[in-house]
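The structure appears right after this line, and notes come after that.
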Amino acid sequence: MSTEVTTGTEESTDMTVEELRAHTLLLAGQLPGTLRRITLRAGALSVDVEWENAPVQATPVAQAPPTAAPASPEPDPAPANLVRVTAPLVGTYYQAPSPGAEPFVKVGDTVEAGQQLAVIEAMKLLNSITAEVKGVVHAIHVQDGEVVEYAQPLVDLVPAG
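Dropping the structure here:
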């Protein structure tokens, strides 16, 4: 669930950043669910609040079952010498240099040590994720645009030779 409050009116700019922060914390504390992200902006005031799961509703709503596409085809059983590339920071995972572009790597691709596998955007900075060893991409664990946590598995490599 996501809530967004944006205003550009003159009267709203009288609110200070501290007042905006206080109102946002109050909002986050009053609504049910696990808070995932809060973004505050002072220029023309903006608040983005995102929850991990939608809050529980008082009346049941019929929903279609989720049809999430896997990030990659089901991998073969993991080899013993598997090298797991994990997220070095919290941010948004991107598997291609720009929207609509070919991904940096796909399952089955051979990669060299130091080759770029993905990027993680954090605080408007793009951080390159590179292969630590030469090998073959065995599995990709996250989808493009997914928020990742520190040390979350991203890509599995089977070392060459």
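Start counting the sequence shown at 59; every next residue gets the next number (the numbering used here).
Cβ atoms here follow ideal geometry from the backbone N, Cα and C, with glycine treated the same way.
Segment contact, 8 Å Cβ cut-off, at least three pairs: the segment 144-158 with the segment 171-189: Contact between the segment 144-158 and the segment 171-189 is present: three or more C-beta pairs spanning the two stretches fall below 8 Å.
Exposure label - Val114; buried when at least 16 CB within 10 Å: On the sequence shown, residue 114 is found 56 positions in, with the first residue counted as 1. Residue placement at Val114 is poorly supported in this model, since its pLDDT is 44, which falls under 50; the coordinates are not used for a value here.
Residues of its chain near Leu184, where Cβ-Cβ distance is below 7 Å and the 5 sequence neighbours each way are ignored: Here residue 184 corresponds to residue number 126 of the sequence shown, with the count starting at 1. Val177.
Sequence-distant residues of its chain with Cβ nearer than 6 Å to Glu207 (five each side left out): Counted from its first residue, the sequence shown places residue 207 at position 149. These residues qualify, in order along the chain: Val148.
Residue environment, Ala112, which counts as buried when at least 16 other CB atoms sit within 10 Å: Reading the sequence shown from its first residue, position 54 is the one you call residue 112. With a pLDDT of only 48 at Ala112, under the threshold of 50, the placement of this residue in the model should not be trusted; the figure read from the coordinates follows. Ala112 comes out exposed.
Where the beta strand (DSSP E) through Val141 begins and ends: Taking the first residue of the sequence shown as position 1, residue 141 is located at position 83. Unbroken beta strand (DSSP E) run through Val141: 141-144.
Buried or exposed (CB count within 10 angstroms, at least 16 for buried), Gly172: On the sequence shown, residue 172 is found 114 positions in, with the first residue counted as 1. It is exposed - the Cβ of Gly172 has fewer than 16 other Cβ atoms within 10 Å.
Within 7 Å, strictly: CB atoms of Asp214 and Leu140: Counting from one through the sequence shown, the residue named residue 214 turns up at place 156. Counting from one through the sequence shown, the residue named residue 140 turns up at place 82. A contact, by the Cβ cut-off of 7 Å.
Proximity of Gly193 and Val163 at Cβ, strictly below 7 Å: Taking the sequence shown and counting its residues from 1, one reaches residue 193 at position 135. Taking the sequence shown and counting its residues from 1, one reaches residue 163 at position 105. Not in contact: Gly193 and Val163 (Cβ atoms no closer than 7 Å).
Start-end ranges of the alpha helix (DSSP H) lying completely within the segment 135-211, minimum 4 residues: Within the segment 135-211, no complete alpha helix (DSSP H) run reaches 4 residues.
Within-7 Å CB hit, Leu175 to chain D: Here chain D cannot be found, since the structure has a single protein chain.
Cut-off 7 Å between Cβ atoms - residues of its own chain near Val191, not counting five sequence neighbours on either side: Here residue 191 refers to the residue found at position 133 of the sequence shown. Cβ within range, chain order: Val141, Ala171, Leu215, Pro217.
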